[in-house]
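Asks: Using the numbering used here, you'd call the opening residue of the sequence shown number 4 and step up by one each time.
Ideal placement from N, C-alpha and C gives every residue a C-beta, glycine not left out.
Remember, predicted model here, so these are calculated numbers, not experimental data.
Quick one: the structure is below, and I'll ask about it shortly.
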Amino acid sequence: MTDTKTIEFVFDFASPNAYFVHKALPTYLADHDVEVRYVPALLGGIFKLTGNSAPMVAFADIKGKMEYEHLEISRFIKKHRLSNFRMNTHFPVNTITMMRGATFAQDKGWYMDYVSVCFEAMWEGSLLMSDPEVMTKALEARNLDAGAILAACQEQTIKDRLMQTTHAVVQRGVFGIPTVFIGEEMFFGKERLAQIAEALA
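So, in C-alpha cells, the structure goes:
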C-alpha cells in the first residue's frame with residue numbers, strides 16, 4: 004500500500020489560469036494516490052510583494068505577445084475540453100471577498116463546493132462576483148450559506164489569515180498564480196501539469 008501524497012495548489016479566483024488548473028489537474032492525477040490541498044492567496048498581494056504584474060500589463064508593449072498568449076489559452080481549452088470557459092466580461096474582478104470566503108471555508112466540509120462555485124461563476128458564468136448580491140445568488144444556488152460566509156469575510160481573523168497565507172507563499176518562492184507545490188518543489192503555470200504528474204510517478 005502506497006502513502007497518499009499531498010500537493011498544494013496556490014490559487015486566486017481572479018486568475019483564469021487557476022481555473023484551468025482547477026479543471027484540468029484531476030486528469031493528470033488520476034493514476035496517482037494524491038490529495039490536493041487548495042491554498043487561497045491574494046494574487047494582487049503576491050504581485051505587490053514580488054514586483055510582478057499581470058501578463059496584460061507586463062507584456063502590453065511587446066508586439067504579438069498577448070496574441071500568442073490567447074492562442075495558447077485556446078490550445079489549452081481545446082486539449083482539455085474546457086468548452087464551458089468564458090472570459091469574464093467584467094475582468095479584472097476584485098476577488099478579495101471570495102478569497103476571504105475561501106479562507107473561512109478551508110476547514111469546512113463544503114470547502115471544495117465553495118471553490119467550484121466561485122471558479123465556475125467567474126470563468127463559466129462570467130459573473131461580477133465582487134458584487135455581494137451576485138455572490139449571494141451564486142452561493143445559494145448551490146445550497147451554501149451565503150449569509151454566514153459573507154459575515155465571516157468581515158471578521159478580522161479571516162482577513163489576517165488570508166494576508167498571512169499570502170505572505171507565507173511568497174516566502175516559499177511564489178511570484179504568481181497558479182502555483183503548485185509537491186513538498187517544497189514548485190511548479191508555476193498551467194503548462195506544468197504534465198511535469199507535476201511526472202514528479203509524482
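Use the C-beta contact count for MET4: other C-beta atoms within 10 angstroms, 16 or more gives buried, fewer gives exposed.
Replies: Locating residue 4 in the sequence shown gives position 1, where the first residue counts as 1. In this prediction, MET4 has a pLDDT of 41, which is less than 50 and means its spatial position is unreliable; nothing more can be read from the coordinates.
Asks: Note down, in chain order, each residue of its chain lying with its Cβ closer than 6 Å to the Cβ of GLU38, except the 5 sequence neighbours on either side.
Replies: Looking up residue 38 in the sequence shown gives position 35. Same-chain partners within the cutoff: THR7 and THR9.
Asks: Measuring alpha carbon to alpha carbon, tell me which of GLU201, GLY192, ALA202 and LEU203 ends up nearest GLU75.
Replies: By 1-based counting over the sequence shown, the position of residue 75 is 72. The shortest C-alpha separation from GLU75 is found at GLY192.
Asks: Going by C-alpha to C-alpha distance, which of HIS170, GLN174 and SER119 sits closest to ALA27?
Replies: Translated into the one-based positions of the sequence shown, residue 27 becomes position 24. Checked all of HIS170, GLN174 and SER119; the closest Cα to ALA27 is SER119.
Asks: For THR182, name the three-state secondary structure that DSSP assigns.
Replies: Numbered from its first residue, the sequence shown carries residue 182 at position 179. In the structure shown, THR182 sits in a strand (DSSP, three-state: E or B).
Asks: In chain order, which alpha helix (DSSP H) runs of at least 4 residues are fully inside the stretch 141-194?
Replies: Listed in chain order, the complete alpha helix (DSSP H) runs (minimum 4 residues) inside the stretch 141-194 are 149-155 and 159-174.
Asks: Cα separation between VAL3 and VAL13?
Replies: This structure leaves residue 3 out entirely; the chain is present only between 4 and 204.
Asks: Does PRO95 come out as helix, strand or coil in the three-state DSSP assignment?
Replies: In the sequence shown, counting from the first residue as 1, residue 95 sits at position 92. Of the three classes helix, strand and coil, the one that applies to PRO95 here is coil, per DSSP.
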